[in-house]
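Trainee: Mapping the sequence shown onto the working numbering, position 323 (from 1) lands on 332, and the numbers just tick up by one.
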Amino acid sequence: MSTDTSQQQDFYAAPGDTSQGRVFTVTGQDWDSITQSIGDAAEERVVVNMGPQHPSTHGVLRLILELEGETVTEARCGIGYLHTGIEKNMEYRSWVQGTTFCTRMDYLSPFYNEMAYVLGVERLLDIEDDIPEKAEVMRVLLMELNRISSHLVCIATGGMEIGALTVMTIGFRERELVLDLFELITGLRMNHAFIRPGGVAQDLPPGALDEIRDFIVLMKKRLPEYAALCNANPIFKGRLDGVGHLDLAGCLALGMTGPVLRSTGYAWDLRKTQPYSGYEDYDFEVQTWDTCDSYGRFRIRLNEMWESLKIVEQAVDRLAGLEGAPVMVGDKKIAWPSQLSIGSDGMGNSLDHIRHIMGESMEALIHHFKLVTEGFRVPAGQAYVPIESPRGELGAHVVSDGGTRPFRAHFRDPSFTNLQATSVMSEGGMVADVIVAIASIDPVMGGVDR
Numbered sequence: 010m011s012t013d014t015s016q017q018q019d020f021y022a023a024p025g026d027t028s029q030g031r032v033f034t035v036t037g038q039d040w041d042s043i044t045q046s047i048g049d050a051a052e053e054r055v056v057v058n059m060g061p062q063h064p065s066t067h068g069v070l071r072l073i074l075e076l077e078g079e080t081v082t083e084a085r086c087g088i089g090y091l092h093t094g095i096e097k098n099m100e101y102r103s104w105v106q107g108t109t110f111c112t113r114m115d116y117l118s119p120f121y122n123e124m125a126y127v128l129g130v131e132r133l134l135d136i137e138d139d140i141p142e143k144a145e146v147m148r149v150l151l152m153e154l155n156r157i158s159s160h161l162v163c164i165a166t167g168g169m170e171i172g173a174l175t176v177m178t179i180g181f182r183e184r185e186l187v188l189d190l191f192e193l194i195t196g197l198r199m200n201h202a203f204i205r206p207g208g209v210a211q212d213l214p215p216g217a218l219d220e221i222r223d224f225i226v227l228m229k230k231r232l233p234e235y236a237a238l239c240n241a242n243p244i245f246k247g248r249l250d251g252v253g254h255l256d257l258a259g260c261l262a263l264g265m266t267g268p269v270l271r272s273t274g275y276a277w278d279l280r281k282t283q284p285y286s287g288y289e290d291y292d293f294e295v296q297t298w299d300t301c302d303s304y305g306r307f308r309i310r311l312n313e314m315w316e317s318l319k320i321v322e323q324a325v326d327r328l329a330g331l332e333g334a335p336v337m338v339g340d341k342k343i344a345w346p347s348q349l350s351i352g353s354d355g356m357g358n359s360l361d362h363i364r365h366i367m368g369e370s371m372e373a374l375i376h377h378f379k380l381v382t383e384g385f386r387v388p389a390g391q392a393y394v395p396i397e398s399p400r401g402e403l404g405a406h407v408v409s410d411g412g413t414r415p416f417r418a419h420f421r422d423p424s425f426t427n428l429q430a431t432s433v434m435s436e437g438g439m440v441a442d443v444i445v446a447i448a449s450i451d452p453v454m455g456g457v458d459r
């Protein structure tokens, strides 16, 4: 065995100089040590890995930045650090169980993941027109509450990254209220799997509408705080104005949707342009801005929370007149017989249903067993259904081969598409502006990697 150390290589500790130039890994708070280590070679190109564990990249996003001094000359995204195989896993579960997987993709807007998937399944089942009105209104209510909570996280984390800590604390304060409502209605704060093929899992619990009305009153007092803190704040505007610029032509070329597209002045919102779930019956305005930058995207999200409150208010008024109405489609070949009403101990099926299937009807017991364990069959075919999530167009492409499980489920996640703009928004700007540009895209890595 040779002992010549000059020929040996340590594969676990690569040399500092690479074929790309010198590479530095930045975890935050250590710029001084990097500038010292660069030393006299400051005129050289420096490649910096920002992330995937950096606190300001919104999850496990890796940014490969090429710097000249403080100026970014090239920016690339490295994704895949949160790959969960959700789409593949859905091929091995029943159509109803699919909702428990896809709800975990974009974990800040779980109801939208469920909704896109369920609308695709309902189109294949040809039951789009059979969904009860109360289920449709409840879906809209939950989605718009979810839009508010998602935008609050975007504004809160974006504020924290530029030092506006009060924006972060009040953002999460309000989001907590929305999650409390989700817990009241669905039993869970996130990953709900509440929107199901044919309707929703359960009816509203007693007192839910009063709680939502109290929330609306409180939010109308709290939302102006964000405007007072940020809208005309010279430091806030100085960090966001003109940063992350992307005009309409660039947005269309890259397939951008959501607040990034609407910040160019183009009023593209699927709730208006291709309505679903009865959105055409609600009174709200599509919010746009004309600056094509991070500041415009912030103002759009702030305004959209007001519009969502308007929709939630209308939905609550409609639900008040639908007391006792069904929340699941009438077809017993699709709807779970128990309607998922639970026992007094909070677990299992309701006693009335157990009494029926165990003591009265053997057929009902067999049917229930088959429906729960195997699931219903969906006619062969494929469907693509897009909806307007807080981040843009979220689409579900669902393929059936006629069985009890999806042959394929694929999602067009807006975070994945919108991240394409990272380089065009960041290059030519400062390192500090990269953080602001990424925050204005509002990517959620669970949705990017799936």
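For glycine and all other residues, C-beta sits at the position ideal for the given N, C-alpha and C.
1) Contact defined as beta carbons within less than 8 angstroms: I believe VAL146 pairs with ARG205. What is the distance between those atoms, to the nearest angstrom?
2) Within 8 angstroms, do at least three Cβ pairs link the region 380-398 to the region 92-110?
3) Going by CA-CA distance only, name the one from ILE343, GLN323, VAL453 and PRO335 that's closest to ALA144.
4) Please work out which residues of its chain come closer than 8 angstroms, Cβ to Cβ, to GLY264, disregarding the five sequence neighbours upstream and downstream, and give them in chain order.
5) If you reduce the DSSP assignment to three classes, tell me which class SER255 lands in.
6) Look at the alpha carbon of PHE8 and the alpha carbon of GLY253, and state the distance between them as a whole number of angstroms.
7) Ignoring anything shorter than 4 residues, give me the alpha helix (DSSP H) runs that lie fully in the region 108-180, in order along the chain.
8) Within its chain, find whatever has a CB closer than 7 angstroms to the CB of GLU192; leave out the 5 residues flanking it on each side and keep chain order.
9) Rounded C-beta distance between MET124 and ILE396? I'm assuming under 8 angstroms.
10) Mark ALA237 as exposed unless 16 or more other C-beta atoms lie within 10 angstroms of its C-beta, in which case mark it buried.
11) Could you compute how far the alpha carbon of GLY404 sits from the alpha carbon of ILE244?
12) Using the Cα positions of ASP138 and GLY207, report the straight-line distance between them to the nearest angstrom.
13) Measuring alpha carbon to alpha carbon, tell me which residue in ALA418, GLY107, GLY339 and ARG400 is nearest VAL394.
14) Are the CB atoms of GLY129 and ALA389 nearer to each other than 7 angstroms?
15) Distance check for TYR90 and GLN62, CA to CA, integer angstroms please.
16) DSSP three-state call for GLY438: helix, strand or coil?
17) Give me the Cβ distance between GLU436 and THR82, rounded to the nearest whole Å; I'm assuming they're in contact under 8 angstroms.
18) For the beta strand (DSSP E) containing GLN391, name the first residue and the last one.
19) Count the other CB atoms within 10 Å of the CB of GLU183; is the residue buried (16 or more) or exposed (fewer)?
20) In the DSSP assignment, find the unbroken alpha helix (DSSP H) run with MET99 in it and report its ends.
21) Run through DSSP, which three-state label would ALA202 get?
22) For PHE463, collect the residues of the same chain with a Cβ closer than 6 angstroms to its Cβ; drop the 5 residues on either side in sequence, then sort them by chain order.
23) Can you give me the C-alpha to C-alpha distance between THR431 and LEU151, rounded to a whole angstrom?
24) Would you mind working out which of ALA448, ARG310 and ARG327 sits nearest SER158, comparing C-alpha positions?
25) What is the residue span of the alpha helix (DSSP H) that GLU322 lies within?
26) Kindly list the residues whose CB is nearer than 7 angstroms to the CB of THR273, restricted to its own chain and excluding five residues on each side of it in sequence; keep chain order.
27) For the beta strand (DSSP E) that MET59 lies in, which residues bound it at each end?
28) Decide if ASP135 is buried, meaning its Cβ has at least 16 other Cβ atoms within 10 Å, or exposed.
29) For GLY4, which residues from the same chain have a beta carbon less than 7 angstroms from its beta carbon, with the 5 sequence-adjacent residues on both sides left out?
30) Can you grab the Cα-Cα spacing for the pair ARG306 / LEU74, in whole Å?
31) Ends of the beta strand (DSSP E) at ARG386?
32) Quick one: what's got a C-beta closer than 8 angstroms to MET367's C-beta in the same chain, skipping five residues either side?
33) Between ILE88 and LEU70, which are expected to be in contact by the criterion C-beta below 8 angstroms, what is the C-beta distance as a whole number of angstroms?
34) With respect to the alpha helix (DSSP H) encompassing GLY87, which residues constitute its N-terminal and C-terminal limits?
35) Alpha carbon to alpha carbon, how far is VAL457 from SER65? Give it in angstroms, no decimals.
36) Just the Cα atoms here: how many angstroms apart are GLU332 and GLN323?
Mentor: Answer, in terms of the structure:
1) Not confirmed; about 16 angstroms, so no contact.
2) yes
3) PRO335
4) THR426 and GLN429
5) Checking the displayed sequence, the identity of residue 255 turns out to be Leu instead of Ser. Here LEU255 sits in coil by DSSP.
6) Only positions 10 to 459 of the chain appear in the structure, and residue 8 is not among them; the question remains open.
7) 119-134 and 142-170
8) ARG198
9) 6 angstroms
10) exposed
11) 37 angstroms
12) 10 angstroms
13) ALA418
14) no
15) 10 angstroms
16) coil
17) 7 angstroms
18) 390-398
19) buried
20) 95-99
21) coil
22) Only positions 10 to 459 of the chain appear in the structure, and residue 463 is not among them; the question remains open.
23) 31 angstroms
24) ARG310
25) 303-329
26) ASP256, LEU257, CYS260 and CYS301
27) 55-59
28) exposed
29) Since the first and last residues shown for the chain are 10 and 459, residue 4 lies out of range.
30) 24 angstroms
31) No beta strand (DSSP E) holds ARG386; DSSP gives it neither H nor E.
32) LEU374
33) 7 angstroms
34) First-last for GLY87: 80-87, but that is the beta strand (DSSP E), not the alpha helix (DSSP H).
35) 17 angstroms
36) 15 angstroms
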